[in-house]
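Numbering (the working numbering), first residue to last: 35 to 423.
Backbone N, C-alpha and C define an ideal beta-carbon position, used for all residues, glycine too.
Written out below as structure tokens is the structure these notes cover.
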Ligand code: FAD
Ligand code: DHB
């Protein structure tokens, strides 16, 4: 099989890149290790920046998001038993869209299906060859048969544990990593949200986040230990812990309900440099991970493929400037999002090793933040997302 662009991974990065390339008339094939249902079953991000919203519109898949998504003009920081609103729209003129990663993925899958584009699900033993030369190849097994896909370019959109980054010789790549000493326990439940906007809570027992997927479905998180197991967290224990970390008025109002999904995610900051190796590009979680505080993971995946989609379109029109500057331009955004996610994580979580001094530093910073328009504006600018250009 021959194509112009071979994409590894049908998560949001791979699917959105495919949709953007299709709009530009560029032929491509996506190879995905899992089944479509498995990909849709992963409950992950929930907040889209304007840049991601614009890219989904550009790809022609934004209609349901505009109908069903919830535009949010602000969020609350909760500490000392009170809410402090960050007025995103008032401070920046921009807002964010609450619309789940599962829905984004479903919309992209449906559009792909309707356009008759090729996605090979359950592709096994994917391996990458010749990307340092002019004739890259991807080999894989599918339905018991060996297959080879020849392409002009390969794009690794295969997440943190994927094969693309692992195929690059270690001498050509530099990794930057920070692992945090805690995780997030997340619960999805069909109950009305406790508040009309998201609440990020800093509490002496640990961080908590009240997010949502719709007016009838919530996504709530509490900071947990890395030694915790989901089985040890009954719904009753989860809600009791969440309520302890919220202001009293929220705890009193919060509606509990049976969890539809419950999982623990570790927190990590990770960046790989560069994001291009000859005719192989990396995009999304294959190249970088942010801790979830601030919801940058999915948005970075979208902005990477936004840049790369344009760069590949320019290449086929005769200019290589875009592909030659992709790594540098993407990394400049990535590092700013890494900084914001690290800062917001550090501000909001309980770090046992920093002791009472660390706690006082957080309290001083939160107090400064909510009383300084300059500091709130800096936070809001990063939360709504930096522009693509
Ligand atoms: P992925 O979504 O990981 O997609 C990669 C795809 O590649 C997968 O479908 C995988 O099956 C496939 N693949 C992997 N290896 C191979 C292979 N060898 N061959 C073929 N296919 C392969 N972000 C937030 O903003 N907020 C959150 O609350 C949040 N929660 C998260 C919770 C978890 C548990 C995780 C892991 C991430 C979370 N994120 C969150 C981050 C966000 O979901 C990711 O940034 C986003 O999914 C990145 O999209 P992607 O397409 O780059 O990678
Ligand atoms: C969600 C996750 C985040 O990390 C965040 O900052 C906001 C919302 C969510 O899953 O809804």
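Subject >> Test item: CB-CB of residue 217 and residue 298 under 7 Å >> reply: Position 183 of the chain shown, counted from the first residue, corresponds to residue 217. Position 264 of the chain shown, counted from the first residue, corresponds to residue 298. Yes, the pair counts as a contact, with Cβ atoms nearer than the cut-off.
Subject >> Reduced DSSP secondary structure (H/G/I, E/B, other) of residue 267 >> reply: Numbered from 1 along the chain shown, position 233 holds the residue referred to as residue 267. In this structure, residue 267 counts as coil in the three-state DSSP scheme.
**OP:** Report yes or no: do three or more beta-carbon pairs, one from the segment 290-304 and one from the segment 196-213, lie closer than 8 Å?
**Re:** yes
Subject >> CA-to-CA distance, residue 352 to residue 242, given in whole angstroms >> reply: For the purposes of this step, residue 242 is identified with residue 208 of the chain shown, where counting begins at 1. For the purposes of this step, residue 352 is identified with residue 318 of the chain shown, where counting begins at 1. Their Cα atoms are separated by approximately 50 Å.
Subject >> Any non-hydrogen atom of the ligand DHB closer than 6 Å to residue 329 Cβ >> reply: As a working note, residue 329 is residue 295 in the chain shown. The answer is yes for residue 329.
Original post:
Can we count residue 81 as close to the ligand DHB, meaning its CB is less than 6 Å from some heavy atom?
Top reply: Taking the first residue of the chain shown as position 1, residue 81 is located at position 47. Remark: the C-beta of residue 81 is in contact range of the ligand DHB, defined as less than 6 Å to any heavy atom.
**OP:** Report the option in 95, 336, 131 whose CA atom is closest to the CA atom of residue 106.
**Re:** Here residue 106 refers to the residue found at position 72 of the chain shown. Cα-wise, what sits closest to residue 106 is 131.
**OP:** Decide if the segment 318-338 is in contact with the segment 367-377; the criterion is three or more beta carbon pairs, one per stretch, under 8 Å apart.
**Re:** yes
**OP:** Can you have a look at residue 335 and say buried or exposed, based on whether 16 or more other CB atoms are within 10 angstroms of its CB?
**Re:** The residue you call residue 335 lines up with position 301 of the chain shown. The residue in question, residue 335, is buried, as its Cβ has 16 or more Cβ neighbours within 10 Å.
Original post:
Should residue 175 be listed as close to the ligand DHB, given that the test is whether its C-beta is under 6 Å from any heavy atom?
Top reply: On the chain shown, position 141 is the one that residue 175 refers to. It does not: the Cβ of residue 175 is nowhere closer than 6 Å to a heavy atom of the ligand DHB.
Original post:
Does the separation of the CB atoms of residue 236 and residue 86 fall below 7 Å?
Top reply: Here residue 236 corresponds to residue number 202 of the chain shown, with the count starting at 1. Here residue 86 corresponds to residue number 52 of the chain shown, with the count starting at 1. No, the Cβ-Cβ distance between residue 236 and residue 86 is not below 7 Å.
Subject >> residue 190, enclosing alpha helix (DSSP H) - first and last residue >> reply: Position 156 of the chain shown, counted from the start, is the residue given in the question as residue 190. That residue, residue 190, is in no alpha helix (DSSP H); its beta strand (DSSP E) goes 187-190.
**OP:** Please say whether residue 197 and residue 65 have beta carbons closer to each other than 7 Å?
**Re:** Residue 65 sits at position 31 when you count from the first residue of the chain shown. Residue 197 sits at position 163 when you count from the first residue of the chain shown. Not a contact, by the Cβ cut-off of 7 Å.
Subject >> Any 3 or more C-beta pairs closer than 8 Å across the segment 391-408 and the segment 106-122 >> reply: yes
Original post:
What are the residues that DSSP puts in a beta bridge with residue 211?
Top reply: Start at 1 with the first residue of the chain shown, and residue 211 comes out as number 177. Per DSSP, 304.
**OP:** Write down every uninterrupted run of the alpha helix (DSSP H) in the segment 37-94 whose length is 4 residues or greater and which is fully enclosed by it, in chain order.
**Re:** 46-57, 70-75, 84-92
Original post:
Is the closest heavy atom of the ligand DHB to the C-beta of residue 253 under 6 Å?
Top reply: Along the chain shown, read from residue 1 onward, the residue named residue 253 stands at position 219. Yes, the beta carbon of residue 253 sits closer than 6 Å to at least one heavy atom of the ligand DHB.
Original post:
What is the DSSP secondary structure of residue 390, reduced to helix, strand or coil?
Top reply: Reading the chain shown from its first residue, position 356 is the one you call residue 390. Helix.
**OP:** On a CA-only basis, which of 43, 362, 365, 423 is nearest residue 188? Give me that one, please.
**Re:** The count along the chain shown starts at 1 and reaches residue 188 at position 154. For the residues 43, 362, 365, 423, the minimum Cα distance to residue 188 belongs to 43.
Original post:
Should residue 330 be labelled buried (16 or more other beta-carbon atoms within 10 Å of its own) or exposed?
Top reply: As a first step, residue 330 must be located in the chain shown, where it is residue number 296. By the neighbour-count rule (16 or more Cβ atoms within 10 Å), residue 330 is buried.
Original post:
Using the rule of at least 16 other Cβ atoms within 10 Å of the residue's Cβ for burial, across every protein chain shown, is residue 391 buried or exposed?
Top reply: If you number the chain shown from 1, residue 391 lands on position 357. When all chains shown are included, residue 391 counts as exposed.
Original post:
Which partner residues of residue 364 appear in the DSSP bridge assignment?
Top reply: Taking the chain shown and counting its residues from 1, one reaches residue 364 at position 330. Looking at the DSSP assignment, residue 364 forms no beta bridge with any residue, so it has no partner.
Subject >> Which of helix, strand or coil DSSP assigns to residue 296 >> reply: To locate residue 296, count along the chain shown from 1; it is residue 262. Strand at residue 296.
Subject >> Rounded Cβ spacing between residue 225 and residue 134 (contact assumed at less than 8 Å) >> reply: The count along the chain shown starts at 1 and reaches residue 225 at position 191. The count along the chain shown starts at 1 and reaches residue 134 at position 100. Not really, about 16 Å apart at Cβ, beyond 8 Å.
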